[in-house]
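Engineer: Protein chains in written order, with numbering that gives the first Met the number 0: chain A, 0 to 211; chain B, 0 to 180.
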Amino acid sequence: METDQLIRSLAADNAHRAWPVGFVLTLALLLAAPVSIAIFMTELGVRPDVMTAMRNPFFDLKFAVTLALAIPAIAISLHLSRPEASLRGWVWLLLIPIGLLVAGIMGEMMMSQRTPMMTRLIGNNAWNCLTSIPLMALPLLAAALLGLRHGAPTRPAVAGAIAGLLSAGLAATLYASHCTDDSPLFVATWYTIAAALVAAIGALAGSRVLRF
Amino acid sequence: MREREDEWTGLMRSAISGDDAAYHRLLKAVTPVLRAAARRGLTRAGQPADQSEDIVQDILLAVHLKRHTWDANAPFAPWLFAIARNKLIDALRRRGRRVFVNIDDFAETLPGEAAAETVPASEVEVQLLSLPARQRDVLQSIAVDSASIKDTAKKFAMSEGAVRVALHRGLARLTARLRGQ
Numbered sequence: 000m001e002t003d004q005l006i007r008s009l010a011a012d013n014a015h016r017a018w019p020v021g022f023v024l025t026l027a028l029l030l031a032a033p034v035s036i037a038i039f040m041t042e043l044g045v046r047p048d049v050m051t052a053m054r055n056p057f058f059d060l061k062f063a064v065t066l067a068l069a070i071p072a073i074a075i076s077l078h079l080s081r082p083e084a085s086l087r088g089w090v091w092l093l094l095i096p097i098g099l100l101v102a103g104i105m106g107e108m109m110m111s112q113r114t115p116m117m118t119r120l121i122g123n124n125a126w127n128c129l130t131s132i133p134l135m136a137l138p139l140l141a142a143a144l145l146g147l148r149h150g151a152p153t154r155p156a157v158a159g160a161i162a163g164l165l166s167a168g169l170a171a172t173l174y175a176s177h178c179t180d181d182s183p184l185f186v187a188t189w190y191t192i193a194a195a196l197v198a199a200i201g202a203l204a205g206s207r208v209l210r211f
Numbered sequence: 000m001r002e003r004e005d006e007w008t009g010l011m012r013s014a015i016s017g018d019d020a021a022y023h024r025l026l027k028a029v030t031p032v033l034r035a036a037a038r039r040g041l042t043r044a045g046q047p048a049d050q051s052e053d054i055v056q057d058i059l060l061a062v063h064l065k066r067h068t069w070d071a072n073a074p075f076a077p078w079l080f081a082i083a084r085n086k087l088i089d090a091l092r093r094r095g096r097r098v099f100v101n102i103d104d105f106a107e108t109l110p111g112e113a114a115a116e117t118v119p120a121s122e123v124e125v126q127l128l129s130l131p132a133r134q135r136d137v138l139q140s141i142a143v144d145s146a147s148i149k150d151t152a153k154k155f156a157m158s159e160g161a162v163r164v165a166l167h168r169g170l171a172r173l174t175a176r177l178r179g180q
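1. Please report how far the alpha carbon of P33 of chain A lies from the alpha carbon of R3 of chain B, in whole angstroms.
2. Sort A:V45, A:A11, A:P155, A:S80 by Cα distance to T179 of chain A and report the nearest one.
3. Using the C-alpha atoms, what's the distance from V197 of chain A back to L137 of chain A?
4. Consider the Cβ of A115 of chain B: report whether some Cβ of chain A lies at a distance smaller than 7 Å.
5. On the three-state DSSP scale, how would you describe C128 of chain A?
6. Please check if any C-beta of chain B sits within less than 7 Å of the C-beta of H15 of chain A.
7. Does DSSP put H78 of chain A in a helix, a strand or coil?
8. Which class does P138 of chain A belong to by DSSP, given the choice of helix, strand or coil?
9. Out of A:P96, A:A74, A:V49, A:G106, state which residue places its alpha-carbon closest to the alpha-carbon of L68 of chain A.
10. If we count the other Cβ atoms within 10 Å of its Cβ and call it buried at 16 or more, is T130 of chain A buried or exposed?
11. Since I believe I54 of chain B is in contact with A90 of chain B (beta carbons under 8 Å), could you give me their beta-carbon distance rounded to a whole number of angstroms?
12. Counting C-beta neighbours from all protein chains within 10 Å, is the total for K65 of chain B 16 or more, i.e. buried, or is it exposed?
13. Under a three-way DSSP split, which group does S8 of chain A fall into?
14. For N13 of chain A, count neighbouring Cβ atoms within 10 angstroms of its own Cβ and tell me buried if that reaches 16, exposed if not.
15. In three-state DSSP terms, what is D48 of chain A?
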């Protein structure tokens with residue numbers, strides 16, 4: 000087919016309007032959320048002492064950290080769905096959850112503690128944390144990749160990794176309400192490893208499915 | 000160069016607000032620039048430059064199907080060159096070379112020669128044959144016989160809406176096939 004002929008057919012299709020990437024991404028995440036919530040309800044559930052736990056600032060900090068990962072990651076992945084986008088000026092957003100964790104760790108250090116540092120770091124739920132967060136993140140990751148496929152990311156592995164962080168942040172928000180380990184040391188260790196794992200899966204999947 | 004790119008941005012804004020003629024003019028205007036860059040990329044990778052038309056068509060299809068990711072407040076050229084660069088790297092990689100393409104290759108490119116010298120692309124042609132009959136017929140009627148949507152609808156006893164749907168699905172499927180080959 001001559002290029003002029005192809006151009007004629009493209010121009011004839013000009014009236015077609017695609018949905019914005021943000022809309023498709025939101026829709027996909029909303030459809031996947033019930034799956035992750037169902038896994039949470041059947042396998043984990045909210046911890047029984049949640050009402051007292053809410054008065055503990057370190058319990059609340061967990062949600063601040065996980066949401067401070069998920070929300071900027073949504074913004075960055077939308078940004079990366081545009082072909083000419085670069086990470087410059089955006090990547091610092093990912094320092095927010097790290098900053099919150101550092102502040103939490105320092106705050107905890109300044110308080111008198113009944114349990115030694117290593118005990119708080121290891122906690123009681125490390126393995127549960129490492130498996131539950133990725134498990135609940137996977138449906139959200141699949142949805143995020145599906146949404147980003149509608150865009151045109153020219154760095155598919157990076158976009159996939161950010162999609163991984165986004166879904167890990169949302170899954171960790173659910174998990175935080177189940178887990179009885181509230182020490183920022185625990186969160187900084189095990190949540191981070193779980194998020195990194197999901198980000199790696201996202202990068203690997205993204206480099207395959209996000210090419211256009 | 001600046002003027003040229005400002006003109007593209009203006010044409011793309013008109014296109015998005017529904018001006019089909021502006022869209023046609025824009026695609027015609029960017030094609031020689033894409034062609035010259037594709038040829039240069041192929042030559043540099045030690046590949047015959049006469050395959051450039053396949054790459055040009057690949058880029059045009061991606062531009063068309065991903066144009067909703069262009070921000071109407073941003074200039075058009077950087078978006079276009081990012082898509083083109085991505086497709087060019089992809090094409091060269093598929094031909095077995097790992098090549099780095101500088102974005103300036105596009106920005107500094109002068110329009111390539113007239114299309115008369117180029118070999119007609121074959122990849123789109125091949126994939127066209129594998130489309131469902133209705134999509135292929137509609138695409139051929141509009142592209143090759145230069146029939147309007149209205150005339151095509153009359154010819155195949157379809158509604159204009161059905162012609163539009165078949166046309167868009169055909170183009171989308173064509174692009175997916177080209178990517179998957």
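Heads up, the beta-carbon is just placed ideally off N, CA and C, and yes, glycines get one too.
Structural biologist: Reading off the structure:
1. 50 Å
2. A:V45
3. 8 Å
4. A caution first: A115 of chain B carries a pLDDT of 47, below 50, which makes its placement in the model unreliable, though a value can still be read off. No, because no Cβ of chain A sits closer than 7 Å to the Cβ of A115 of chain B.
5. helix
6. yes
7. helix
8. In the displayed model, P138 of chain A falls within a helix according to three-state DSSP.
9. A:P96
10. exposed
11. Confirmed, Cβ separation roughly 5 Å.
12. The residue in question, K65 of chain B, is buried, as its Cβ has 16 or more Cβ neighbours within 10 Å.
13. helix
14. Flag for N13 of chain A reads buried.
15. Residue state, collapsed to three classes: coil.
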